[in-house]
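Colleague:
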Amino acid sequence: MSVIEREEGKVRIRPMEPEDIDSVLAIDRKISGARRAVTYTDLITGDLGGVLDLSFVAEVNGQVAGFILARRAYVGEPVTEVGLIQILGVDPDYWRQGIASKLVNVLLDTCQSKKLNAVRIMVNQRDSQLQGLFAHMGFRRGQLIDYTKTL
Numbered sequence: 007m008s009v010i011e012r013e014e015g016k017v018r019i020r021p022m023e024p025e026d027i028d029s030v031l032a033i034d035r036k037i038s039g040a041r042r043a044v045t046y047t048d049l050i051t052g053d054l055g056g057v058l059d060l061s062f063v064a065e066v067n068g069q070v071a072g073f074i075l076a077r078r079a080y081v082g083e084p085v086t087e088v089g090l091i092q093i094l095g096v097d098p099d100y101w102r103q104g105i106a107s108k109l110v111n112v113l114l115d116t117c118q119s120k121k122l123n124a125v126r127i128m129v130n131q132r133d134s135q136l137q138g139l140f141a142h143m144g145f146r147r148g149q150l151i152d153y154t155k156t157l
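Residue numbering for the sequence shown follows my numbering, starting at 7 and increasing by one per position.
So this is what it looks like as structure tokens:
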């Protein structure tokens, strides 16, 4: 089985397909009250199968249990091409089963095979759970700081 599509125990990680959108949106709605990476429903529906070329879903018994929406991006100083995680979501019924880690690992493997030298994600500074996940997986805080002006 390839790096992009592999089964780990009962969890199957595979590239996201347009047919997955209903399941992804259902998980997004289910976790919308939970703290997690920024979610934009328009991003999901507008870019699935297009710009989000590094996106995967996790299936358990044929049902989508989690997803990672990611794409190639040019960021930083100096500008470099990286994998950029937009959204990571796991159905609460499947939390604490390693699904998020499996999704991130497949993304890391894919980015490495595509010769990308880094993967980045922006995380809410109050989201200690998500920060803990990425710190545990070897991610380190970057040098960029997000500034926002509310209009």
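The C-beta atom is built at its ideal place from N, Cα and C for all residues, glycine as well.
1. From G148 to L58, what distance separates their C-alpha atoms?
2. With a threshold of 7 Å on Cβ separation, who are the neighbours of A76 within its own chain once the five nearest residues in sequence on each side are excluded?
3. Would you mind sorting L150 into buried or exposed? The rule is 16 or more other CB atoms within 10 Å of its CB.
4. R146: which of V125, Q135, Q103 and K155 sits nearest, CA to CA?
5. Within its chain, find whatever has a CB closer than 8 Å to the CB of K16; leave out the 5 residues flanking it on each side and keep chain order.
6. Between which two residues does the alpha helix (DSSP H) holding L109 run?
7. For V30, which of helix, strand or coil comes out of DSSP?
8. If V70 sits next to V96, beta carbons under 8 Å apart, how far is it from one beta carbon to the other, in whole angstroms?
9. Taking the continuous alpha helix (DSSP H) assigned at L136, which residues delimit it?
10. DSSP has Q69 in a bridge; who is on the other side?
11. Over the uninterrupted beta strand (DSSP E) stretch that includes Q92, give me the two end residues.
12. By the 10 Å Cβ neighbour count, where 16 or more other Cβ atoms means buried, how is K155 classified, buried or exposed?
Modeller: Walking through what the data contain:
1. 22 Å
2. L58, L60, S61, G89, L90, I91, Q92 and L113
3. exposed
4. V125
5. V66 and N67
6. I105 to S119
7. helix
8. V70 to V96, Cβ: 10 Å. No contact.
9. S134 to H142
10. V66
11. T86 to V96
12. exposed
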